[in-house]
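The next block holds one structure in the form of structure tokens; read it before the comments.
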Amino acid sequence: MAPTNDNERPNPNEKVLHVWSKPIAEGDQVPESAKNPDGTPTSQTAFSAAVSMIKKEDFTNVANTPCARQGLLTGIGAGAGLGGLKFVLQGNAAKSANWAVGVFMLGSIASYEYCQYLRRAEKIQMKRHIEVVTQNKKEQARKLADERREQQRIEKEREARNRAWYKFW
Numbered sequence: 000m001a002p003t004n005d006n007e008r009p010n011p012n013e014k015v016l017h018v019w020s021k022p023i024a025e026g027d028q029v030p031e032s033a034k035n036p037d038g039t040p041t042s043q044t045a046f047s048a049a050v051s052m053i054k055k056e057d058f059t060n061v062a063n064t065p066c067a068r069q070g071l072l073t074g075i076g077a078g079a080g081l082g083g084l085k086f087v088l089q090g091n092a093a094k095s096a097n098w099a100v101g102v103f104m105l106g107s108i109a110s111y112e113y114c115q116y117l118r119r120a121e122k123i124q125m126k127r128h129i130e131v132v133t134q135n136k137k138e139q140a141r142k143l144a145d146e147r148r149e150q151q152r153i154e155k156e157r158e159a160r161n162r163a164w165y166k167f168w
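Read in numbering that gives the first Met the number 0, the sequence shown has 83 at position 84, and its numbers run on one by one without any break.
Here is the structure:
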């Protein structure tokens, strides 16, 4: 739910779109002590702020995030496969484990990003389909309105023909 007045701050868990159109308030700015000499915020403050935003629920709801499940399963499969193959070929468990973790990370990220790309492409395609359907409906409505106008014109002409040419006051 959006704040009722402009001075009230929204809850960070709420989705509020009009907040972005407001100018930055004095309290929302980074304090001078957290800035570098050139005026940019220090990265340590940004990192600690980012870490403080992570909640326990974020980890419990990973499976509900779109594409996360597919990305993790792909990464697990790729990491386990390559790590096991590396262990069988070289016999070094430490190197194999490192390779497995690295391939897991890369495979998970690549699969997740590819899934997100497909979702964006599908969203664009669905938007286009909706535009085409809307355009077709508008075109059909216009044709129907033209047909009605034509029918009314023909009816008026027919009435004018059947009307008597004389009039009794």
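Where is the CB? At the ideal position from N, CA and C, for every residue including glycine.
From what residue to what residue does the alpha helix (DSSP H) around ASN60 run?
Position 61 of the sequence shown, counting from 1, holds the residue named residue 60. ASN60 -> no alpha helix (DSSP H), and no H or E assigned at all.
Give me the Cα-Cα distance between LEU81 and GLY70, rounded to the nearest whole angstrom.
What you label residue 81 is simply residue 82 of the sequence shown in a count that begins at 1. What you label residue 70 is simply residue 71 of the sequence shown in a count that begins at 1. In a straight line, the C-alpha of LEU81 is about 16 Å away from that of GLY70.
Span of the alpha helix (DSSP H), counted from its first residue to its last, around TRP164:
Taking the sequence shown and counting its residues from 1, the one referred to as residue 164 is at position 165. First-last for TRP164: undefined, no H or E at that position.
Do ALA77 and VAL102 have their C-beta atoms within less than 7 Å of each other?
Mapped onto the sequence shown, residue 77 falls at position 78. Mapped onto the sequence shown, residue 102 falls at position 103. Closer than 7 Å, so yes.
Measure the beta-carbon distance from TYR111 to ALA67 and round it to whole angstroms, keeping in mind my assumption that it falls under 8 Å.
Here residue 111 is taken as the residue at index 112 of the sequence shown, counted from 1. Here residue 67 is taken as the residue at index 68 of the sequence shown, counted from 1. Correct: roughly 7 Å between the Cβ atoms.
Here's the rule I'm using: 16 or more other beta-carbon atoms within 10 Å means buried, otherwise exposed. How should ALA92 be labelled?
Sequence index remark: in the sequence shown, residue 92 carries index 93 (1-based). Label assigned to ALA92: exposed.
Along the chain, where does the alpha helix (DSSP H) containing ILE75 start, and where does it finish?
Within the sequence shown, numbered from 1, the residue matching residue 75 stands at position 76. Per DSSP, ILE75 belongs to the alpha helix (DSSP H) from 67–89.
My understanding is that THR73 touches SER107, with C-beta atoms under 8 Å, so please give their C-beta distance in whole angstroms.
The count along the sequence shown starts at 1 and reaches residue 73 at position 74. The count along the sequence shown starts at 1 and reaches residue 107 at position 108. Their Cβ separation, rounded to whole angstroms, is 7 Å, which keeps THR73 and SER107 in contact under 8 Å.
Would you decide whether TRP164 is buried or exposed? Buried here means 16 or more other CB atoms lie within 10 Å of its CB.
Stepping through the sequence shown from its first residue, residue 164 is reached at position 165. Classification of TRP164: exposed, given that the 10 Å Cβ count is below 16.
On the criterion of 16 or more Cβ atoms from any shown chain inside 10 Å, does LYS136 qualify as buried, or is it exposed?
For the purposes of this step, residue 136 is identified with residue 137 of the sequence shown, where counting begins at 1. Exposed.
Mind checking LYS55: buried by the 16 CB within 10 Å criterion, or exposed?
Sequence index remark: in the sequence shown, residue 55 carries index 56 (1-based). The residue in question, LYS55, is exposed, as its Cβ has fewer than 16 Cβ neighbours within 10 Å.
By a C-beta neighbour count over all protein chains shown, 10 Å radius and 16 as the cutoff for buried, is ALA99 buried or exposed?
The residue you call residue 99 lines up with position 100 of the sequence shown. Label assigned to ALA99: buried.
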